[in-house]
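For the sequence shown, the UniProt record's numbering gives the first residue as 1, with consecutive numbering after it.
Even glycine gets a Cβ: it sits at the ideal position worked out from N, Cα and C.
The next block holds one structure in the form of structure tokens; read it before the comments.
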Amino acid sequence: MRTKPLIAALLLPVFCVLAPAAVSASQCEILRNQLNQVRSVTGNTAEIRRFSNALTRQTMNIRKVRGDLQRYGCSSGSIVFFGGNNKAACNQLQASLADMEENRRALESQRQALQGNLTSGSQERRRILAALRDNDCDGFVRDASFVTPQPVEKEKEESEFFTRIPSPGGGTAGDLRTMCVRTCDGAFFPISSNASTADFQRDSAICNRMCPAAETRLYYHSLTGSESSDMVSATTGEPYRALPSAFAYRNRMPGEKPICGCGSDSAGFSTIDADRDSSEHPKIEAGLRPIIETKPKEPAATPVTAASQATVPERPYDPANSRVRVVGPQFLPNAPSGLQPGNAPADGQ
Numbered sequence: 001m002r003t004k005p006l007i008a009a010l011l012l013p014v015f016c017v018l019a020p021a022a023v024s025a026s027q028c029e030i031l032r033n034q035l036n037q038v039r040s041v042t043g044n045t046a047e048i049r050r051f052s053n054a055l056t057r058q059t060m061n062i063r064k065v066r067g068d069l070q071r072y073g074c075s076s077g078s079i080v081f082f083g084g085n086n087k088a089a090c091n092q093l094q095a096s097l098a099d100m101e102e103n104r105r106a107l108e109s110q111r112q113a114l115q116g117n118l119t120s121g122s123q124e125r126r127r128i129l130a131a132l133r134d135n136d137c138d139g140f141v142r143d144a145s146f147v148t149p150q151p152v153e154k155e156k157e158e159s160e161f162f163t164r165i166p167s168p169g170g171g172t173a174g175d176l177r178t179m180c181v182r183t184c185d186g187a188f189f190p191i192s193s194n195a196s197t198a199d200f201q202r203d204s205a206i207c208n209r210m211c212p213a214a215e216t217r218l219y220y221h222s223l224t225g226s227e228s229s230d231m232v233s234a235t236t237g238e239p240y241r242a243l244p245s246a247f248a249y250r251n252r253m254p255g256e257k258p259i260c261g262c263g264s265d266s267a268g269f270s271t272i273d274a275d276r277d278s279s280e281h282p283k284i285e286a287g288l289r290p291i292i293e294t295k296p297k298e299p300a301a302t303p304v305t306a307a308s309q310a311t312v313p314e315r316p317y318d319p320a321n322s323r324v325r326v327v328g329p330q331f332l333p334n335a336p337s338g339l340q341p342g343n344a345p346a347d348g349q
């Protein structure tokens, strides 16, 4: 009879161990599902890229319409004129310009909303990853799109911080590309290819030296499976698209002075457009820009000079010296004296 209490006493420690393990496994599963949901909502960066491309094209169309307004005398750049010979064309251009500017504001608002979702999704992802780590969930790193580095203790050296940062998209050492980003307008250029996390400190210093007159940050992305627009910060892990000035350089008019520069060393500064695939461009520009053709100028008439009006003197005609070959009968040859053409003798005379 004492066997059952003995068995119960032996199994009690086993239950104490298995019960928390079951709860932990269930919690890990919940956290993994939450991570997948966050990624499905905020992970589609292609939407932001499409809106950025549409904004660029809409800005170019607006620039063309403004040029037409000046060309047809509808405006002088900042002042709009009403009436005139091209009143109908000017009214049509003004209406198209208003539609395009309204559409550009809508595109900018939608892109900012997507970027806000991406930022909030990144923060939620960090929270879930921290919970997965705290619950000792096996394999939580494999379920994450990338692991955000933990805050570095103040007493740690800066070099130790850079070695802790993993690559986005599962990149390994030696398959990263580092990018120097100018925070004022979002312009960027490459620093190193086939880099590793150990190169971040060196590339960050190079980035600062190449653009000393502006604030710069080092970003990076994997060479396999990601683009320059998918890069993340080497210090915070924040995506480039979450930067308030991301892709702002694309909205600059041709010839317009940049809002910032790299200084005397900025001669080689250029940007990389990772979104050149025209198949991803949405047809969302408002209105069609009217095509107005002007007649080409007619060529000026050739001026008449005194030399062109000079006449050639006539020469007397001498039949004996004529070299023109006569073909056919010769009419009225050697007519007798007294006969004139028109009064020839009748037959039998």
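{"Item": "Helix or strand or just coil, what does DSSP make of Asn91?", "Value": "helix"}
{"Item": "Which of helix, strand or coil does DSSP assign to Tyr249?", "Value": "helix"}
{"Item": "Is it right to say Asn103 is buried, meaning 16 or more other beta carbons lie within 10 angstroms of its own, or is it exposed?", "Value": "buried"}
{"Item": "Under DSSP, the beta strand (DSSP E) around Cys180 begins and ends at which residues?", "Value": "176 to 182"}
{"Item": "Under 8 Å by Cβ, that's how I've got Asn53 and Met100 pegged, so tell me the actual separation to the nearest angstrom.", "Value": "16 Å between Cβ atoms; not a contact."}
{"Item": "Count the other CB atoms, across all protein chains shown, that sit within 10 Å of the CB of Ala98; report buried if there are 16 or more and exposed otherwise.", "Value": "exposed"}
{"Item": "Rounded to whole angstroms, how far is the Cβ of Ser245 from the Cβ of Cys184, which I believe are closer than 8 Å?", "Value": "6 Å"}
{"Item": "Roughly how many whole angstroms lie between the Cα atoms of Leu55 and Gln94?", "Value": "19 Å"}
{"Item": "Under 8 Å, with one C-beta from each stretch per pair, do the segment 128 to 138 and the segment 250 to 264 reach the 3-pair mark?", "Value": "no"}
{"Item": "Compare the Cα-Cα distances from Ala198 to each of Phe188, Tyr220, Ala187, Gly186 and report the closest residue.", "Value": "Tyr220"}
{"Item": "Using the Cα positions of Phe247 and Ser228, report the straight-line distance between them to the nearest angstrom.", "Value": "12 Å"}
{"Item": "Compute the Euclidean distance between the alpha carbons of Gly67 and Ala89, then round it to the nearest angstrom.", "Value": "13 Å"}
{"Item": "Leaving out five residues before and five after Cys207 in sequence, what residues of the same chain have Cβ atoms less than 7 Å from its Cβ?", "Value": "Cys180, Ile191, Thr216, Leu218"}
{"Item": "Would you mind working out which of Leu31, Phe189, Pro316 sits nearest Arg133, comparing C-alpha positions?", "Value": "Leu31"}
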